[in-house]
Each structure stands twice: as structure tokens, then as C-alpha cells.
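One structure below.
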Amino acid sequence: MTKTVRLYLPFLLLYIIIFNVLSIDLNAPGDSESDIDLLVPVKSLLNERVELYKAKGLDGFPAVGIKRGVEIVVPYRQYLPRKFFRNFAFTAVIRPDDRQGGYLFAVVNPLDTVVDLGVLVESAGDNQTNITLLYTDSSKETDTKALASFLVPEFTKDWVKFALEIQEDNVVLYFRCIRFATRQVKRKPVQLVMDDAHKLYIASAGPILRKEFEKKKPWKQNISYGIAILTFDKSIDEIFLCSKKNFFIFLEFLTFDFIMQRKKKLNY
């Protein structure tokens, strides 16, 4: 595994407006048909950690600020099902303040050594950025695997909306309101199964992966990163809204919506 896949996002400014999940099994936390707010672990620390604070997000909406260096981690099973979803979409609205990038989120194995599922944003040079979907069976692999990677125009200091839709053997990137690119992949397995001790990190991939990367390239302490929305959904076509006038409707629908039966038709 290369150092680019082991990037960690410990120093950041994180603006999150909606970060929810709607899941499907009725027997365990994260598996019932209800919205689950993944901002709960962040909000609970707002008055306890100086690295966390209230901030102004896109269009002046209330947001949460997270500086680099803070670790936000919760038990994976507290929010998501043991058997992850076969087909899903991930959406994000982010504003990088630097080119260093890092993980937007990461589901990490109990040893904190492998990212089972995550999204990584990092500079590719020449005014370009890589958006990478990480997908690994940590019960069989010892290194994190990149399932699909997309090269897009750099968007440092600019808000950008993008989405990754995973449907069987296809990964589609929606970037700035268009269907940007498609990658054909082979997922093994097609559904990830997480151990009860798996962890969900927000804006990082845990302390071990961070330390390995820092040995090669230490982070600067004064660089920040902005994220507006991190969500999952059943599908992304016609949901990923881009027009400014409808942005608040867009926020309303950006959830981890794994049991949605139909696509919501909205105007771009």
C-alpha cells in the first residue's frame, strides 16, 4: 500500500450540515429504519474540546468546525449494520483550504491498520485532485485497497459537490453537477461484513495510519480543510442537486438512505 492511500486528515476545518444514515435490519443499532445523525459524536464534544467549535458553513448555514489533530471515532455498529450495503452512494460537499487532503471518513478494522471503507481526497499535482474510494476486506487483506480513483480539477479553497455511486461492478463519480466518469470494478466481496469491533472515524483513519504517513511527510499544524456534507444514499441520479436556489432541498435529501425504493426527481 502506497503512502497516498495512507493519508490521514488530522488537521482540518470540518463543516458538516447533514450526516445521517437510514439502514435496514431491525435488530441492532444502525440497522433500523430510522435516520441516524453521525454528527452526534461531534456535537457531544463541542463544549469539551477546543478543536471543535461552531462555524459558518455554505450559504451561512450553521456548521461544526473541527481543527486538525482531533480524533473523532465511534463504534461502527453503533451507527451502521454489520453487513454493509451491496449498492450505495456517497455524497459530499467540501472546501479544502490546502492541497494536503486526507480521509473524509473511514471504517477501520479493530487493529486500526486497514480501511475497510472510506473516501480519500488528495492532491495529484498539476492543478488536479484525486478522489479515491477505498474498499477492503480486512478479514483477508492486510493493506488498504483502492477500488476506484478519479482525477478531477483542483478545487482548493472552493466549495465543490461530488458523489460516488456504487452499483454492482460500476463506480460512478458525479462532480460539479455532471456525471463525470465511470469505473468498472470487481468487488470482493460485493458486501463487506464488519466486525463488532470495527470503528468509524470522521475526517481521519485513526492514529496508526496517521503515524505511518507522518514518518514520511509530517503535517503542518496550521493547515485546515473544509467539509460541508458527508452522506450515503441508495442512489444518486437526480438526487445530487446543484442549483443554488434549491440547495436547501438538496440538504434535506442528503442522507444515508439505504432503503429508499425510488429516485427522487429534483430540478438541477
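In the UniProt record's numbering, the protein residues as written are 1 to 268. C-beta atoms are modelled at their ideal positions from N, C-alpha and C, and glycine is treated no differently. Quantities reported herein were computed from a predicted structural model and do not represent experimental measurements.
Could you tell me how far apart the beta carbons of V160 and R183 are, in whole angstroms, since I believe they sit closer than 8 Å?
Not confirmed; about 19 Å, so no contact.
Distance, Cα to Cα, residue 269 vs D59?
In the structure as shown, the chain begins at 1 and stops at 268. Residue 269 is therefore absent and cannot be evaluated.
Kindly list the residues whose CB is nearer than 6 Å to the CB of F247, restricted to its own chain and excluding five residues on each side of it in sequence; keep chain order.
Here the model assigns F247 a pLDDT of 33, short of 50, so the residue's position is not dependable, and the following value carries that caveat. Contacts found: none.
Would you kindly report the start and end of the unbroken alpha helix (DSSP H) that includes K161?
For K161, there is no enclosing alpha helix (DSSP H); the residue is part of the beta strand (DSSP E) that begins and ends at 160-167.
Suppose the cutoff is 7 Å on Cβ atoms and the five residues either side in sequence are ignored; what does the same chain contact list for residue 274 look like?
No information on residue 274 is available, as it lies outside the stretch 1 to 268 that the chain covers here.
With 16 other CB atoms within 10 Å as the buried threshold, where does T142 fall?
The residue in question, T142, is exposed, as its Cβ has fewer than 16 Cβ neighbours within 10 Å.
Can you grab the Cα-Cα spacing for the pair K145 / V64, in whole Å?
Going by the C-alpha atoms only, they are around 30 Å apart.
Would you tell me roughly how many angstroms separate the C-alpha atoms of R179 and E71, rounded to the nearest one?
Note on geometry: alpha-carbon atoms of R179 and E71 lie some 33 Å from one another.
Look up K43 in the DSSP assignment and say whether it is helix, strand or coil.
Note: K43 maps to helix in three-state DSSP.
Which residue or residues does DSSP assign as beta-bridge partners of F105?
Answer by DSSP bridge pairing, in chain order: V119, I202.
Do D195 and P110 have their C-beta atoms within less than 7 Å of each other?
Between D195 and P110, the CB-CB gap stays under 7 Å.
Any idea what DSSP makes of R187, helix, strand or coil?
Coil.
Nearest residue (CA-CA) to A148, options T156, L134, K157:
Nearest option by C-alpha distance: L134.
What are the boundary residues of the beta strand (DSSP E) that L151 is part of?
Taken as a continuous stretch (DSSP letters only), the beta strand (DSSP E) holding L151 covers 146-153.
Just to check my reading of the structure: F84 and L209 have Cβ atoms closer than 8 Å, yes? What is that Cβ distance to the nearest angstrom?
That belief does not hold up - the Cβ atoms of F84 and L209 are roughly 20 Å apart, past 8 Å.
Just to confirm my understanding: we take I202, look at its own chain, exclude 5 residues before and 5 after, and list those with CB closer than 6 Å. What are they?
Excluding sequence neighbours, I202 sits near I72, F105.
In its own chain, which residues sit with a C-beta less than 8 Å from the C-beta of R49, not counting the 5 before and 5 after it?
Counting only Cβ-Cβ distances below 8 Å, and skipping sequence neighbours, we find V70.
Return the CA-CA distance between I131 and N47, expressed in angstroms with no decimal places.
The C-alpha of N47 is placed about 33 Å away from the C-alpha of I131.
Contact check, Y103 vs L120 under 8 Å by CB: the rounded distance?
Between L120 and Y103 the Cβ distance is about 6 Å, and since that is below 8 Å, they are a contact.
Return the CA-CA distance between D112 and G206, expressed in angstroms with no decimal places.
Per the coordinates, the alpha-carbon of D112 lies some 6 Å from the alpha-carbon of G206.
In whole angstroms, what is the alpha-carbon distance linking V40 and V108?
Spanning the two alpha carbons is a distance of roughly 19 Å.
Helix, strand or coil for P96 per DSSP?
It is a strand residue.
Looking only at its chain, what residues have a beta carbon closer than 8 Å to the beta carbon of D169, apart from the 5 residues adjacent to it on each side?
Cβ neighbours of D169 beyond the five flanking positions: Q184, V185, K186, R187.
Please return the same chain residues whose Cβ sits closer than 7 Å to the Cβ of F162, not counting the five positions on each side in sequence.
Spatial neighbours of F162 in its own chain (CB-CB distance under 7 Å, excluding positions within 5 residues in sequence) are listed in chain order as A92, I131, L173, Y174, F175.
From the DSSP output, read off the bridge partner residues of Y135.
According to DSSP, residue pairing for Y135 in a beta bridge involves L117.
Option nearest S139 by Cα separation, candidates P75, A197, E51, Y79:
Nearest C-alpha to S139: A197.
DSSP three-state label for I66, please.
In the structure shown, I66 adopts extended strand secondary structure according to DSSP, grouped into three states.
Same chain, Cβ closer than 7 Å to Y76, five either side skipped, listed in chain order:
If you ignore the 5 residues before and after Y76, its C-beta comes within less than 7 Å of the C-beta of V107, M194, H198, K199, L200, all in its own chain and listed in chain order.
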